[in-house]
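First the structure, in the form of structure tokens, and then the observations on it.
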Amino acid sequence: MNAQPETGIGASVRRREDFRFLTGRGNYTDDINRPGQLHAWIVRSPHAHATIEAIDKAPALAVPGVVAVFTGADMVKAGVGSLPCGWLINSRDGSPMIEPPHIPLSPERVRHVGDQVAVVIAETREQARDGAEQLVVTYGELPAIISMTEAIKPGAPLIWDQAPQNSCYDWEFGDRAGVEAAFKGAHHVARLELVNNRLVPNAMEPRAAIGDFDRGTGEYTLYTTSQNPHVIRLLMGAYVLNIPESKLRVVAPDVGGGFGSKIFHYAEEAIVTWAAGKLHKPVKWTADRSESFMSDAHGRDHVTVVELALDKDGKFLALHEKTLANMGAYLSTFSTCIPTILHSTLLAGVYTTPVIYAEVRAVFTNTVPVDAYRGAGRPETTFLLERIVDIAADEMGIDPVELRRRNFIPKDAFPYQTPVALQYDSGDYFTTLEMATKAADYAGFEARRAEAARRGKYRGIGVSSYIEACGIAPSQVVGALGGRAGLYESAEVRVHPTGSVTVFTGTHSHGQGHETTFAQLVSDLLQVPMESVEIVHGDTNKVAFGMGTYGSRSLAVGGMAIMKAVEKVVNKGKKIAAHLLEASEADIEYKDGKFQVAGTDKAKAFGEIALTAYVPHNYPMETLEPGLDESAFYDPKNFTFPSGTHICEVEVDPDTGVTEIVNFVAADDFGRIINPMIVDGQVHGGIAQGIGQALLEGCIYDQQSGQLLTGSYMDYCMPRADDLVSFKVETHNVPAVDNALGVKGCGEAGAIGSPPAVINAIVDALSSLGVRHVEMPATPHRLWQIINEKRAAKAA
Amino acid sequence: MYNFEYHKPASVADAAALIGKAEDGKLMAGGMTLLPTLKQRLAQPSDLIDLGGLADLVGIKREGNAVVIGAMTTHGAVAASAEVKQAIPGLAQLASWIGDPAVRNRGTLGGSICNNDPAADYPGAVVALGATVTTNQRTIAGEDFFTGMFETALEEGEIVQSVSFPIPEKATYEKFRNPASRYAIVGAFVAKGPNGVRVAITGAGPTVFRWKEAEAALAANFSPSAIEGLKHPADGLNGDIHASAEYRAHLVGVMTKRAVAAAG
Amino acid sequence: MASTVTMTVNGKSVTGAVEARTLLVHFLRETLGLTGTHVGCDTSQCGACVVHVDGKSVKSCTILAVQCAGSEVTTIEGLATEDALHPMQEAFREHHGLQCGFCTPGMVMSAVDLAKTNPDPSEHEVREWLEGNLCRCTGYHNIVKSVVAGAKAMRG
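Below is the structure:
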């Protein structure tokens, strides 16, 4: 391994954000208090499905400290609009998806436990809660539909009258005829039904929002826990509250983790902003964790049948997927594209499968809306792929590693056009597989299995080779596929007169360390010390525009925008230098922080050029504006495609069903790496969330009442330190071709690659019992039941 | 949380007087269950009587052939106590598995047994070791103390002062934790001593209970093999999303066996 | 029902008006403006609110401010000196033991308490000790590394 540089690109520079976080000086939304601030408590539905018959505000208004009560009817009367959905999916018959309205406070009917019914605003939070308890809401209970398979049955109660059989859309993608033909001629077909379990994202910082209104200027300000403040400004301003961007500032200060759940425009943001405008006072809302469980968008929740056709040598001939995807009761901001555009387009995985066909039906249920959660559609793809590959390997008697190797896209096949729209620009799946199998001592596993068996334990090893598509793009393609947004990023590089630099990025950092990574990048590109570079994000009044941070896009898209802006700065600097040095612009090269006339020792330092730009006494004023402040928008021509292999080794205790992870190895390809320390940290966190999905986490609703049974950390199992091990993480980095930085996303890879590795390991451990598949989460209870049944069947 | 009157009496007598006088008073020991309950607005006491000022109720001492632990002694103190570790290591182990370190720094023996959560750990030790609970009014045999789910033999206004644990020959605790809450899904406290062999199970049922069949088998032969074929029935055991009654019944056997094996 | 409470916070005596029901965490955050202590759950499990009360780690969301009358309270803001981070803070920085920073104050306060009771903890002991501190970002990998290193640095 090469020694790391100490600064710039490739260096594990320690994070500059850490000082404030380590000393308690972070500035999260709930840390902010505005003068004269009031507090909001949201009254939420206790029913999964009910009509709102009547609301009596008087008892709530009589509570000391209560200032106002607003309901859905008030919002409708005031012309408040609907929380929009950002992606249109058309059904296979060409009809558009059913897109029901979503008023921030439900005016007539509630559709999940936790649905917003009213807001009580008071001088203190406890008083607001006191008032909320006194609000009299009369409900007319309706039958609730929780399960997707029940929801699509003819005659099932309808959550939306306009959505027959509770279907939002029925989408298909790929080559149906080709797949059918390939299956007919196949040597073997592997088939599996599986569930991708519903998860609650659980960023450690609960969501919060403060609405503020300046009566003097008419300007609204929203402080919110968001991954993309400009998107919130656009959606809330244009669709919900009718406030022009020029009168609406959205600030997303330090944000305590997002994992997708803070992308979306939530009702509470609109409620506090609207209420602040009505009351002419700041209104603050902070979620209790219990509220987060029933109001943050959940993740995953697919029920899938997958079939893989193979020839006699184990070559994949065709793949077919049929999925039900839960939307919950309303369409959250990006819910509709997750099980379609972000899911089925990845069905080739790292394999040469020539024909693929996907059918995805999105279903309304009386549950919290479901949307992107770390990986967003791609973990679901990887799980079904890496499970069916293992099933096929088992059924055909081929080692799972060997079967993967036989079907990998060859190293020399890039750019590789998959049959499902994506074109992979680079990759080397063989090397990461070799690295992982070596690090995990795959070859020596059977001896460890035998040793564990002597101790009465079932030991298994599981492999998962994943690919993911990060930095969704380009905008025109996204638009053609139904996306209602651009997916570029913006940056501004403002060089100050003394040569210090402020970089404004439209991405948002909520744990990813952009303030460090981007400063490293700019320091490297501009050849200035990192200390003189500041990164600004998260405030629409500071940053011109931005699409925010999700889908592992920030460096590949936002970093590229920064690079483009830096190039413009350098180009302008060259013009100034050429003037000062009386040389031709074409002869000026920028190197080591100096603008130099090529082949001479005539040079001007970066700082001198910056000063000249702002004190333009000797300046080419006729052809050049003063100042050194450049901005850029970058619209990528393609996704980036990180990939790799994860290997998990487990021991299952048949007495209790407990799974112990004894080893976890990840070998990934993230392209060019700016800060290896930060990248490793992203992988660790992703793996932990993936292991959480595989072993611990599962969102459970009561099927009759629609009550959320896993509504707190008492029942929803969050991964804790002692549930996990230290991970062995390494990289083999093949630079991306389709962006000039050569970078690929790394934020979601851990959560995408790891769940099938864990489940494959468990299935392998229990294979001697005849276990073929295990659903997630593989809790001790579930495994004990499986082991028990299989042992009983064997004995019988 | 609803508001209440807060009192911090300096003596057990004052505490008893305050609780007697309060309209709907609550005694608070460490508060590790009570405060979360109040935060959720699941209770609305008029008065909260904080026993945190009662220094007399804190401490661990050896009295003859017993270890006596003050009701306001924290789990952390019991877990770290050289006295307990030496005399009844299983009890120190049990205390070290309650909650997390910050909870153990506040949560108390008295609070735990008075709340009698079905998934609490201490009731197992109190019953298996044949402990005696001393209140401001009387002494209560450990086995008579726990009367039902969240129910105890305590009268209105009665305050637990200490628990006396007879020192056994052997005693161990094994716990199968709820993966989410970390409370006991099944806890098995096995003791062999002056009271014979006792197996007390927590987590599995509405309240702590003795597994008499296992006790009899172990009295004849104190080894895991003695209870190898023994199965606790699932009838009457708790079932929830984390563990069915059948799974709990099975775990009663596994945890008991492990406790016996650990006792050596 | 409001009364005043006096305690020592980060070495300074402070007095503030509280209700009986005011939790320590709210007294710290709202009355004293010490917003480094966070609230991440409502069931006393996440540990984002851990502070030291009389030298021991305590969940400040599960103790009333009035219960702390006369106590010495240390929050994350009181750990570093004017000139230097506490060795545990420094270890978290050096080993990338934090990402979004939200769980970090509680995590560091718990870790300092661990190092005091167990100056040379193994990785396993660190993992067990941190049972009451949830982190969603790091997978705990680098937190564990940080705590082992921080404890070593505290040993000197």
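If you're matching them up, the sequences are chains H, U and Z in order.
Just so you know, we're using the working numbering here: the first sequence kicks off at 854 and counts up by one.
Just so you know, we're using the working numbering here: the second sequence kicks off at 19 and counts up by one.
Just so you know, we're using the working numbering here: the third sequence kicks off at 232 and counts up by one.
Note that CB positions come from ideal geometry on N, CA and C, so glycine has one too.
Point to revise | Secondary structure, alpha helix (DSSP H): runs of 4+ residues fully inside the region 1352-1437 of chain H | key: 1367-1379 and 1413-1434
Review point. When we look at the beta-carbon of Glu906 (chain H) and count the other beta-carbons within 10 Å, is it buried (16 or more) or exposed?
Key: Start at 1 with the first residue of the first sequence, and residue 906 (chain H) comes out as number 53. Under this definition Glu906 (chain H) is an exposed residue.
**Study point:** Buried or exposed by the 16-neighbour rule on C-beta atoms within 10 Å, applied to Thr220 (chain U)
**Key:** Here residue 220 (chain U) corresponds to residue number 202 of the second sequence, with the count starting at 1. Counting Cβ neighbours within 10 Å, Thr220 (chain U) comes out buried, since at least 16 surround it.
Review point. Using DSSP with H/G/I as helix, E/B as strand and the rest coil, what is Ala1173 (chain H)?
Key: Here residue 1173 (chain H) is taken as the residue at index 320 of the first sequence, counted from 1. Correcting the residue identity first, residue 1173 (chain H) is His in this sequence and not Ala. His1173 (chain H): strand per DSSP, three-state reduction.
Point to revise | Cutoff 7 Å; reference Asp285 (chain Z); Cβ partners in own chain excluding five residues on either side | key: Numbered from its first residue, the third sequence carries residue 285 (chain Z) at position 54. These residues qualify, in order along the chain: Ser302 and Glu303.
Review point. From what residue to what residue does the alpha helix (DSSP H) around Met1571 (chain H) run?
Key: To locate residue 1571 (chain H), count along the first sequence from 1; it is residue 718. Segment: none, Met1571 (chain H) is in no alpha helix (DSSP H) and carries neither H nor E.
**Study point:** Contact set between Thr977 (chain H) and chain U, taken where Cβ atoms lie within less than 7 Å
**Key:** Counted from its first residue, the first sequence places residue 977 (chain H) at position 124. Annotation: Thr977 (chain H) has no Cβ neighbours in chain U at a cutoff of 7 Å; minimum Cβ distance is about 11 Å.
Check your understanding: Going by beta carbon distance, what residues of the same chain come within less than 6 Å of Glu161 (chain U), once the five residues before and after it are set aside?
Key -> Counting from 1 along the second sequence, the entry for residue 161 (chain U) is found at position 143. Sequence-distant partners of Glu161 (chain U) (beyond 5 residues in either direction) whose C-beta falls short of 6 Å from its own C-beta, in its chain, are Val145.
Check your understanding: Whose CA, out of U:Leu52, U:Val226 and U:Leu109, lies closest to the CA of Ile78 (chain U)?
Key -> The residue you call residue 78 (chain U) lines up with position 60 of the second sequence. Considering only alpha carbons, the answer is U:Leu109.
Check your understanding: In the DSSP assignment, what residue or residues form a beta bridge with Leu1161 (chain H)?
Key -> Position 308 of the first sequence, counted from the start, is the residue given in the question as residue 1161 (chain H). Looking at the DSSP assignment, Leu1161 (chain H) forms a beta bridge with H:Ala1043 and H:Leu1172.
Exercise for review: Would you verify that the beta carbon of Met311 (chain Z) is, or is not, closer than 8 Å to some beta carbon of chain H?
Suggested key: Within the third sequence, numbered from 1, the residue matching residue 311 (chain Z) stands at position 80. The sequence given here places Ala at residue 311 (chain Z); Met does not occur at that position. Chain H contact via Cβ: present.
Review point. With distances taken between CB atoms, is the gap from Ala1266 (chain H) to Ile1012 (chain H) smaller than 8 Å?
Key: In the first sequence, counting from the first residue as 1, residue 1266 (chain H) sits at position 413. In the first sequence, counting from the first residue as 1, residue 1012 (chain H) sits at position 159. In this structure, Ile1012 (chain H) does not lie closer than 8 Å to Ala1266 (chain H) by Cβ.
Exercise for review: For the alpha helix (DSSP H) holding Phe1494 (chain H), just list the boundary residues, first then last.
Suggested key: Taking the first sequence and counting its residues from 1, one reaches residue 1494 (chain H) at position 641. No alpha helix (DSSP H) contains Phe1494 (chain H), which DSSP labels as neither H nor E.
Check your understanding: Cβ of Gly1152 (chain H) within 8 Å of Cβ of Pro1253 (chain H)?
Key -> In the first sequence, residue 1152 (chain H) corresponds to position 299, counting from 1. In the first sequence, residue 1253 (chain H) corresponds to position 400, counting from 1. Cβ atoms of Gly1152 (chain H) and Pro1253 (chain H): not closer than 8 Å.
Review point. Leaving out five residues before and five after Asp1482 (chain H) in sequence, what residues of the same chain have Cβ atoms less than 6 Å from its Cβ?
Key: Locating residue 1482 (chain H) in the first sequence gives position 629, where the first residue counts as 1. Correct list, in chain order: Arg1347.
Point to revise | Cβ neighbour criterion (16 or more within 10 Å) applied to Val181 (chain U) | key: On the second sequence, position 163 is the one that residue 181 (chain U) refers to. Taking every protein chain shown into account, the CB of Val181 (chain U) has 16 or more other CB atoms within 10 angstroms, so this residue is buried.
Practice item. Could you have a look at Ala98 (chain U) and say whether DSSP puts it in helix, strand or coil? Key: To locate residue 98 (chain U), count along the second sequence from 1; it is residue 80. Residue state, collapsed to three classes: helix.
Exercise for review: Give a yes or no on contact between the region 355-366 of chain Z and the region 1568-1584 of chain H, applying the rule of three or more CB pairs nearer than 8 Å.
Suggested key: yes
Review point. Out of curiosity, what's the CA-to-CA distance linking Glu1550 (chain H) and His1626 (chain H)?
Key: Working through the first sequence from its first residue, we reach residue 1550 (chain H) at position 697. Working through the first sequence from its first residue, we reach residue 1626 (chain H) at position 773. Computed Cα separation, rounded: 18 Å.
Practice item. Please confirm if Asp32 (chain U) has its CB atom under 8 Å from at least one CB of chain Z. Key: By one-based count along the second sequence, residue 32 (chain U) stands at place 14. So, not an interface residue.
Exercise for review: Indicate the three-state DSSP secondary structure (helix, strand or coil) for Gly925 (chain H) in the structure shown.
Suggested key: If you number the first sequence from 1, residue 925 (chain H) lands on position 72. If DSSP states are grouped into helix, strand and coil, Gly925 (chain H) belongs with the helices.
Point to revise | Near-chain U residues of the region 932-947 of chain H (beta-carbon distance less than 8 Å), N- to C-terminal order | key: For the region 932-947 of chain H, the set of positions with a beta-carbon nearer than 8 Å to some beta-carbon of chain U is empty.
**Study point:** Candidates H:Gln1449, H:Gly1313 and H:Val970: closest to Ile908 (chain H) by CA position
**Key:** In the first sequence, the residue the question calls residue 908 (chain H) occupies position 55. Closest by alpha carbon: H:Val970.
Practice item. In angstroms with no decimal places, state the Cα-to-Cα distance between Met854 (chain H) and Leu1379 (chain H). Key: Against the first sequence, residue 854 (chain H) aligns to sequence position 1. Against the first sequence, residue 1379 (chain H) aligns to sequence position 526. Here the model assigns Met854 (chain H) a pLDDT of 42, short of 50, so the residue's position is not dependable, and the following value carries that caveat. So the two alpha carbons sit approximately 27 Å from each other.
Practice item. Could you pull out every residue in the same chain whose Cβ sits closer than 7 Å to the Cβ of Ala1451 (chain H), ignoring the five residues on either side in sequence? Key: As a working mapping, residue 1451 (chain H) is identified with position 598 in the first sequence. The residues are Asp1440 and Glu1442.
Check your understanding: Given a threshold of 16 other Cβ atoms within 10 Å of its Cβ, counted over all protein chains shown, does Thr237 (chain Z) qualify as buried or as exposed?
Key -> Within the third sequence, numbered from 1, the residue matching residue 237 (chain Z) stands at position 6. Exposed: under 16 other Cβ atoms inside 10 Å.
Review point. Can you give the Cα-Cα distance for Glu859 (chain H) and Val1532 (chain H), rounded to whole angstroms?
Key: Your numbering for residue 859 (chain H) matches position 6 in the first sequence. Your numbering for residue 1532 (chain H) matches position 679 in the first sequence. Between Glu859 (chain H) and Val1532 (chain H), the C-alpha separation is close to 16 Å.
**Study point:** Proximal chain Z residues relative to Phe183 (chain U), where beta-carbon distance stays under 7 Å
**Key:** Counting from 1 along the second sequence, the entry for residue 183 (chain U) is found at position 165. Residues of chain Z passing the Cβ test: none, with the nearest at roughly 24 Å.
Practice item. May I ask you to report which of helix, strand or coil DSSP gives His93 (chain U)? Key: On the second sequence, residue 93 (chain U) is found 75 positions in, with the first residue counted as 1. His93 (chain U) falls in the helix class under three-state DSSP.
**Study point:** Touch test, the region 1075-1083 of chain H against the region 1100-1107 of chain H, Cβ-Cβ under 8 Å, three pairs minimum
**Key:** yes
Review point. Grouping DSSP H, G and I as helix and E and B as strand, with all else coil, what is Asn213 (chain U)?
Key: Start at 1 with the first residue of the second sequence, and residue 213 (chain U) comes out as number 195. Note: Asn213 (chain U) maps to coil in three-state DSSP.
Check your understanding: Hey, does Cys292 (chain Z) have any beta-carbon neighbour from chain B nearer than 8 Å?
Key -> Absence of chain B from the displayed structure is noted, the protein chains being H, U and Z.
Point to revise | Enclosing alpha helix (DSSP H) for Ser341 (chain Z) [first to last residue] | key: Mapped onto the third sequence, residue 341 (chain Z) falls at position 110. It spans Thr335 to Thr348 - the alpha helix (DSSP H) in which Ser341 (chain Z) sits, taken as one unbroken run.
**Study point:** C-alpha distance - Val240 (chain Z) paired with Phe258 (chain Z), whole-angstrom precision
**Key:** Residue numbering aside, residue 240 (chain Z) sits at position 9 when the third sequence is read from its first letter. Residue numbering aside, residue 258 (chain Z) sits at position 27 when the third sequence is read from its first letter. Roughly 11 Å between the two C-alpha positions.
Check your understanding: In terms of DSSP beta bridges, what is Lys1581 (chain H) paired with?
Key -> Here residue 1581 (chain H) refers to the residue found at position 728 of the first sequence. Residue pairing from DSSP places Lys1581 (chain H) in a beta bridge opposite H:Val1518.
Exercise for review: Determine whether the Cβ of Pro283 (chain U) lies closer than 8 Å to any Cβ atom of chain H.
Suggested key: Past the boundaries of the shown model lies residue 283 (chain U); chain U is included only from 19 to 282, so the question cannot be answered.
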